[in-house]
Structure formats: C-alpha cells, structure tokens
Amino acid sequence: MSLIDLANPSRFLALADRALPWLVAATVLVFAFGVSQAYSAPDDYQQGATVKIMFIHVPAAWLGMLAWGVMSLAALGTLVWRHPLADVAAKAAAPIGAAFTLMCLVTGSLWGRPMWGTYWVWDARLTSVLVLFLMYLGVIALWRTVEDPARAARVAAVLTLVGAINIPIIKFSVDWWNTLHQGASVLRLGGSSIHPSILVPLLIMIAAFTLLFLTLHLAAMRNEIMRRRVRTMLMRQADARA
Amino acid sequence: MNLGPHAAFIVMSYVAAIAIVAGLIVWVMLDRRRLARELGELDAQGITRRSERMGEEKP
C-alpha cells in the first residue's frame, strides 16, 4: 500500500480500523509498565515525593507541543497540497492537544505550589504554555465558526503556522529568560541531568503518553471523516428535497 | 507508599490527569457512537455520497 493509497479517506478508515485495537493494547501495556516504574522510582533528594508529578507533567507538556507540531505539518498539507485528510488530521489533533496542554498547566500549578510557594507566576515558560493553550482554543473556535470545512481548514492552517513560532519559544524560554521554572533537564546539550532511576520511568511514561496521543488522534480522525460523510449526505438529502 | 507532606498536591495532579484522559476517551467514543447512528439512519433512507457507486462496498 503506497502513501497515496493511505491518503484516500476510505482506505485510511480501513487502516485505522485495523490499527486501533493494536494501538489500544500497546498503550495499555506501556502505561501499565510506566506507572509501575514511576510508582517504584525513588524520591528526589530535594523535591521529595512531589517529583512523581513530573511523570505526568512532562509527558503532558511534550504532547501539548507535539500536537501543535502535527497540526503544523497538516497545515502545510492543507495549504500546499490541499488534501482533505490533512484538514482532518489538523482538526482532530486540536482538542487533544488542548486537553494535554491543560493537563500540563494544571499539574504544573499543583507542583509549583509546594516547590515555589505559588500556583502561578508570569514567567516566560508558564506564560508561553498558557499562550499555547489559548491558541488551541482559538483554532477550535475557528473550526466551529467557519461552516465550510475546506475554508475553515485554510484559515486554521494559517493560524496554526503562525502559532508554530510559539513552540521553540516554549522550549527555549528557560534558556533565553530568567524563569522560576527550572531549566531543561531531559533534552539538553551534554545529556540529561536526571538520574537514570527517575529518567527511565519518565521516558517510559513519555512513550505511553505518545501512544495514547496516536490512539486518540487516529480515533478522532476516523470520527472526523465520518462527520464529513454525514454532512455530505445531509446536503444531498437537502438537495433532493429542494 | 509515603507521599510526604505534599501528598494532596500529588494526588490532585494524578486525579486531574486521569479525569482529562478519561474525558478525551469518553468524548471520542460518544462522538463515534453518535456519528455511526447518524450515518446508519441516512443510509437507511437511501442517501448516498456522490463518490459512492452502485454496488460499491462501504468501508
């Protein structure tokens, strides 16, 4: 099966139906392993047991940015090749990305209170992630406001590509500005600064969350294709009645 | 497991994460169920898409 075949919505649906049960099983298995590893990971010598929040906070932050990356690639597909499956991929990713960004903000606040003494501070990292969340809401609102899916896709694609500039700002905000948020500790020059006893469970949880994203995104894309079919059929029904 | 003096913050974080993930899963499942029902109803009324040809197997 070639990539062109996969870009056909009907073939994509058939592939999604076959792949989803395996993705669900893989997600559950990796999550079970990751949670067991996180449970038995030692406490941090400074932060104590609150370091356990990192096992959900960091993967949520990663997915918040990954989903926008997926949307940006799909936006190129929409604007350059005008492919409807790219529109579907972008629209399906937005609510999932928004949910994980919200999870990042909530867990970050709950981690910040005991460590920093405050739930929130307007530093560069926290503010840029809040901007990401607001951009997700903006894109979702755009999709809902513009009735024609193809037109909505083009407008949302432009907004998505403009918003993509925020992703490197989030990543490097802790290097460019003096922030209360800690500096990079997983992906950094010179290797991770986290001890393997905590880093390994964290990487497994990141893998589990990524699998969860792939599963939810594939299922949401399948739903979006069905929604477009319902719309087309309703329009044909209306035409027949007119 | 002893979660120390900040146990409430750790537990609340995990509860929030579970609630958000559960919400996403329920949203996707309910959306699919509703769309499948609507497609079935339109199909039963004999409505087809332009791209569908007679005798073509629907995915």
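Protein sequence lines correspond, in order, to chains A and B. Going by numbering that gives the first Met the number 0, the final residue of the first sequence carries number 241, and the count climbs one at a time with no gaps. Going by numbering that gives the first Met the number 0, the final residue of the second sequence carries number 58, and the count climbs one at a time with no gaps. Note that CB positions come from ideal geometry on N, CA and C, so glycine has one too.
Comparing the C-beta of residue i with each C-beta of chain A, is any distance below 8 Å?
{"i": "residue 25 of chain B", "result": "no"}
{"i": "residue 58 of chain B", "result": "Any reading at residue 58 of chain B needs caution, since the residue's pLDDT is 47, under 50, leaving its predicted position unreliable; the model's value is listed next. Closer than 8 Å: yes."}
{"i": "residue 76 of chain B", "result": "Examination of residue 76 of chain B is not possible in this model, given that chain B is present from 0 through 58 alone."}
{"i": "residue 3 of chain B", "result": "yes"}
{"i": "residue 15 of chain B", "result": "yes"}
{"i": "residue 54 of chain B", "result": "With a pLDDT of 45 at residue 54 of chain B, under the threshold of 50, the modelled position of that residue is not reliable, and the figure given next carries that caveat. Not one chain A Cβ lies under 8 Å of residue 54 of chain B."}
Once DSSP output is grouped into helix, strand and coil, what is the label at residue i?
{"i": "residue 57 of chain B", "result": "At residue 57 of chain B the pLDDT is 48, less than 50, meaning the model places this residue with poor confidence; the figure from the coordinates comes in the next sentence. It is coil, neither helix nor strand."}
{"i": "residue 16 of chain A", "result": "helix"}
{"i": "residue 43 of chain A", "result": "strand"}
{"i": "residue 2 of chain B", "result": "coil"}
{"i": "residue 118 of chain A", "result": "coil"}
{"i": "residue 159 of chain A", "result": "helix"}
{"i": "residue 49 of chain A", "result": "helix"}
{"i": "residue 36 of chain A", "result": "helix"}
{"i": "residue 185 of chain A", "result": "coil"}
{"i": "residue 190 of chain A", "result": "coil"}
{"i": "residue 26 of chain A", "result": "helix"}
With a threshold of 8 Å between beta-carbons, can residue i be considered close to chain B, or not?
{"i": "residue 17 of chain A", "result": "no"}
{"i": "residue 149 of chain A", "result": "no"}
{"i": "residue 47 of chain A", "result": "yes"}
{"i": "residue 211 of chain A", "result": "yes"}
{"i": "residue 36 of chain A", "result": "no"}
{"i": "residue 235 of chain A", "result": "yes"}
{"i": "residue 228 of chain A", "result": "yes"}
{"i": "residue 117 of chain A", "result": "no"}
{"i": "residue 120 of chain A", "result": "no"}
{"i": "residue 51 of chain A", "result": "yes"}
{"i": "residue 143 of chain A", "result": "no"}
{"i": "residue 112 of chain A", "result": "yes"}
{"i": "residue 26 of chain A", "result": "no"}
{"i": "residue 136 of chain A", "result": "no"}
{"i": "residue 225 of chain A", "result": "yes"}
{"i": "residue 109 of chain A", "result": "yes"}
I need the boundaries of the alpha helix (DSSP H) containing residue i, first residue and last residue.
{"i": "residue 100 of chain A", "result": "83 to 115"}
{"i": "residue 39 of chain B", "result": "6 to 43"}
{"i": "residue 222 of chain A", "result": "195 to 240"}
{"i": "residue 127 of chain A", "result": "123 to 144"}
{"i": "residue 77 of chain A", "result": "Premise fails: residue 77 of chain A is in no alpha helix (DSSP H) and is neither H nor E."}
{"i": "residue 147 of chain A", "result": "Unbroken run through residue 147 of chain A: none, as it is neither H nor E."}
{"i": "residue 262 of chain A", "result": "In the structure as shown, chain A begins at 0 and stops at 241. Residue 262 of chain A is therefore absent and cannot be evaluated."}
Tell me whether residue i counts as near the ligand MN, meaning its Cβ is closer than 7 Å to at least one heavy atom of that ligand.
{"i": "residue 139 of chain A", "result": "With respect to the ligand MN, the structure offers nothing, as it holds no ligand at all."}
I'd like to check one pair, residue j with residue i: are the Cβ atoms closer than 8 Å?
{"i": "residue 193 of chain A", "j": "residue 128 of chain A", "result": "no"}
{"i": "residue 48 of chain B", "j": "residue 225 of chain A", "result": "no"}
{"i": "residue 144 of chain A", "j": "residue 12 of chain B", "result": "no"}
{"i": "residue 11 of chain A", "j": "residue 104 of chain A", "result": "no"}
{"i": "residue 97 of chain A", "j": "residue 70 of chain A", "result": "no"}
{"i": "residue 204 of chain A", "j": "residue 37 of chain A", "result": "yes"}
{"i": "residue 23 of chain A", "j": "residue 206 of chain A", "result": "no"}
{"i": "residue 131 of chain A", "j": "residue 67 of chain A", "result": "yes"}
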